[in-house]
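2 protein chains.
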Amino acid sequence: MLDIKAALAKNARDVDVVLDRLLPARPDPESRLMEAVRYATLSGGKRIRPFLVMASSTLFGVSEQFAIRVAAAIEMVHCYSLIHDDLPAMDDDDLRRGLPTCHVKFDEATAILAGDALLARAFEVIADSQTHPDPRVRSDLVVELAKAAGGDGMVGGQMLDLLAAEVPLQIAEITRMQRMKTGALIAFSCEAGAVLGKAADSARHALHAYAHDLGLAFQIVDDLLDVEGNDEEVGKRTHKDQGAGKATFVSVLGVERARAQSDMLAQQAVQHLEIFPETADPLRALASFVVHRRN
Amino acid sequence: MLDIKAALAKNARDVDVVLDRLLPARPDPESRLMEAVRYATLSGGKRIRPFLVMASSTLFGVSEQFAIRVAAAIEMVHCYSLIHDDLPAMDDDDLRRGLPTCHVKFDEATAILAGDALLARAFEVIADSQTHPDPRVRSDLVVELAKAAGGDGMVGGQMLDLLAAEVPLQIAEITRMQRMKTGALIAFSCEAGAVLGKAADSARHALHAYAHDLGLAFQIVDDLLDVEGNDEEVGKRTHKDQGAGKATFVSVLGVERARAQSDMLAQQAVQHLEIFPETADPLRALASFVVHRRN
Chain P
6 MLDIKAALAK
16 NARDVDVVLD
26 RLLPARPDPE
36 SRLMEAVRYA
46 TLSGGKRIRP
56 FLVMASSTLF
66 GVSEQFAIRV
76 AAAIEMVHCY
86 SLIHDDLPAM
96 DDDDLRRGLP
106 TCHVKFDEAT
116 AILAGDALLA
126 RAFEVIADSQ
136 THPDPRVRSD
146 LVVELAKAAG
156 GDGMVGGQML
166 DLLAAEVPLQ
176 IAEITRMQRM
186 KTGALIAFSC
196 EAGAVLGKAA
206 DSARHALHAY
216 AHDLGLAFQI
226 VDDLLDVEGN
236 DEEVGKRTHK
246 DQGAGKATFV
256 SVLGVERARA
266 QSDMLAQQAV
276 QHLEIFPETA
286 DPLRALASFV
296 VHRRN
Chain Z
6 MLDIKAALAK
16 NARDVDVVLD
26 RLLPARPDPE
36 SRLMEAVRYA
46 TLSGGKRIRP
56 FLVMASSTLF
66 GVSEQFAIRV
76 AAAIEMVHCY
86 SLIHDDLPAM
96 DDDDLRRGLP
106 TCHVKFDEAT
116 AILAGDALLA
126 RAFEVIADSQ
136 THPDPRVRSD
146 LVVELAKAAG
156 GDGMVGGQML
166 DLLAAEVPLQ
176 IAEITRMQRM
186 KTGALIAFSC
196 EAGAVLGKAA
206 DSARHALHAY
216 AHDLGLAFQI
226 VDDLLDVEGN
236 DEEVGKRTHK
246 DQGAGKATFV
256 SVLGVERARA
266 QSDMLAQQAV
276 QHLEIFPETA
286 DPLRALASFV
296 VHRRN
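Taken in sequence, the protein lines are chains P and Z. Heads up: the first sequence begins at 6 in our numbering, then just goes up one per residue. Heads up: the second sequence begins at 6 in our numbering, then just goes up one per residue.
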């Protein structure tokens, strides 16, 4: 049986080496911006999205040196979204991965710019010829990443999430919001391997379906951890949703049904991988890890 | 003699048609984000950067249908930067193009997200196959746009500008800051035509040199308008730099020398265009327009 925790830890170390190289510290006077960028990007995190890129790339024999650049770029986009989402004008969070959030450590202006710089850098890395020899693959990756990150994806989902503070959402609306807010980038992480490997549409669709279920399961567990966890273990402020009177999977379904739903989604995610041989075992193991994680 | 005002006005109408199509209004409940995006993008503006893209594309016989998509994408990046720069945590501006700024009209969270969505959308548009049949050209454009917009370009320049509020800059530092903050995107606008038209390096370098001088001239005139103009005519708050005790070209050089410097730079910009025939006349006329504009 694959040791998923060890595999995730090794993946995190690998992607951190690349992130460190792609986001070099700068000399004065520009140091502050890159300091903030590096602080927000290189201070831990499970690196789930990079893991999905590497695992899906393995299915199609994609060279690791290409895949890891895409993995790093997607993590940059994820980290940028955390910086902006944590801002006082948004979710107003002061703790992330067990550390002060970027705008607390630096200041709001620096945090906004650090996020902006990360997003631009992610596209620069993806489009660079070192990421894949075929420029059509690189262009396709840029288009798909932009869609996943933009107004119809992650940013649009965050907007819906903010509006939900005013009018609590029903379960179908929560699902749709989360599918945009976190699901789109998770789906792109899985599909990236298929794009890099020029895989058949059927394989790409299977990965999309897997990612969709995985992403929702992940989010439900996030909501459960907000209710059941404590700040120290989870590494960010918990009991926030309840305090804000925000509708979540847990507030609408209750703890037990939410837990059952996340288990069901994880199983369903694995079923979508049927067409793949044991090379997909890391993806299978991840589905189980995601619903049993404690942070 | 080319009527530059009429040419700019026609260009603005053309690019607005494309921006309107590329940033379609959305049905509820997502309407708010796209409303803010459209508000900040489709409410006027001289569209100098799109003009530079179209004019430089003309030099190499690039199809207008390709060039105008790049023009629109660059304007999206420019508008995103205005939204974020105007935020309370940054320059805290409430007036832009004669209207309330995005965060005043909507709110801070919506403004941050509208900027984020615009940046992602710009890369999506550039990388789309409709922008150029050759994917290598599209990838190159993505890399160059990302560099111009990112930490070594626009965002890095804005960071330096904010830090300058604490330690006033000398003229060389102001030049360097402005070269990053506004110069990089202006330079990319001019070079985009060369990339689209697969022009020789010599042509691209000439356009870069032109853009460099034009960008500085443009910025010096911006500083002059801040001192000499009024809110109504300029369309944004004036006399801000002085109030903030910020070092600008005008505060360091004085009005007369700043004016002479901008004239000199505009002439120098035109000299870099020597290698081009009369197809470069719109670029020549623009240099003169930039230093004589009133807003």
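Even for Gly, the Cβ is constructed at its ideal location relative to N, Cα and C.
Among the residues of chain P, those whose CB is under 8 Å from the CB of V42/Z are G156, following chain order.
Taking 8 Å as the cut-off, the Cβ atoms of L123/P and T46/P count as close. Proximity of the stretch 195-209 of chain P to the stretch 157-173 of chain P falls short of the contact definition, fewer than three beta-carbon pairs being nearer than 8 Å. At least one C-beta of chain P is nearer than 8 Å to the C-beta of L92/Z.
The C-beta distance from A41/Z to C107/Z rounds to 6 Å, short enough to fall under 8 Å.
Residues of chain Z with a Cβ closer than 8 Å to the Cβ of Q163/P are, in chain order, L118. With contacts defined by Cβ atoms closer than 8 Å, A222/Z and A271/Z form a contacting pair.
At a cut-off of 8 Å, the C-beta of L167/P has a neighbouring C-beta in chain Z. Within the same chain, and ignoring the five residues on either side of S48/P in sequence, the residues whose Cβ sits closer than 7 Å to its Cβ are R102, L104. Taken in chain order, the complete alpha helix (DSSP H) segments of 4 residues or longer contained in the stretch 213-266 of chain Z are 236-239, 245-248, 254-258. Along the stretch 272-294 of chain Z, there is no position whose C-beta sits under 9 Å from a C-beta of chain P.
As summarised for the stretch 83-127 of chain P, the continuous alpha helix (DSSP H) elements at least 4 residues long and confined to that stretch are 107-110, given in chain order.
Segment contact: the stretch 181-190 of chain Z against the stretch 55-65 of chain P, fewer than three CB-CB distances shorter than 8 Å; contact not assigned. Judged by DSSP in its simplified three-state form, D139/Z adopts coil rather than helix or strand. Put simply, the backbone Cα of Q273/Z is about 17 Å away from that of S207/Z. Taking a contact as a CB-CB distance under 8 Å, the pair T115/Z and R37/Z counts as one, their CB atoms being some 6 Å apart. In the DSSP annotation of this structure, the continuous segment of the alpha helix (DSSP H) that includes D166/P starts and ends at 159-168. Counting only residues of its own chain and dropping the five nearest sequence neighbours on each side, D286/Z has a CB closer than 6 Å to the CB of L7.
In this structure the stretch 131-140 of chain P lies against the stretch 139-154 of chain Z, because at least three pairs of beta carbons, one per stretch, are closer than 8 Å.
If the five residues before and after A249/P are omitted, its C-beta is found closer than 7 Å to the C-beta atoms of A170, all from its own chain and listed in chain order.
Identification of chain Z residues near H83/P by a Cβ-Cβ cut-off of 9 Å yields none; the smallest Cβ-Cβ distance measures about 13 Å. Close to P140/P, with beta-carbon spacing below 9 Å, are these residues of chain Z in chain order: D139, P140, R141, V142, R143, S144, D145.
Sequence-distant Cβ neighbours of G50/Z in its own chain, meaning closer than 7 Å and more than five residues away, are R102.
Its chain contains T63, L64 as the residues whose beta carbon lies nearer than 7 Å to that of T284/P, once the 5 sequence neighbours on both sides are disregarded; these appear in chain order.
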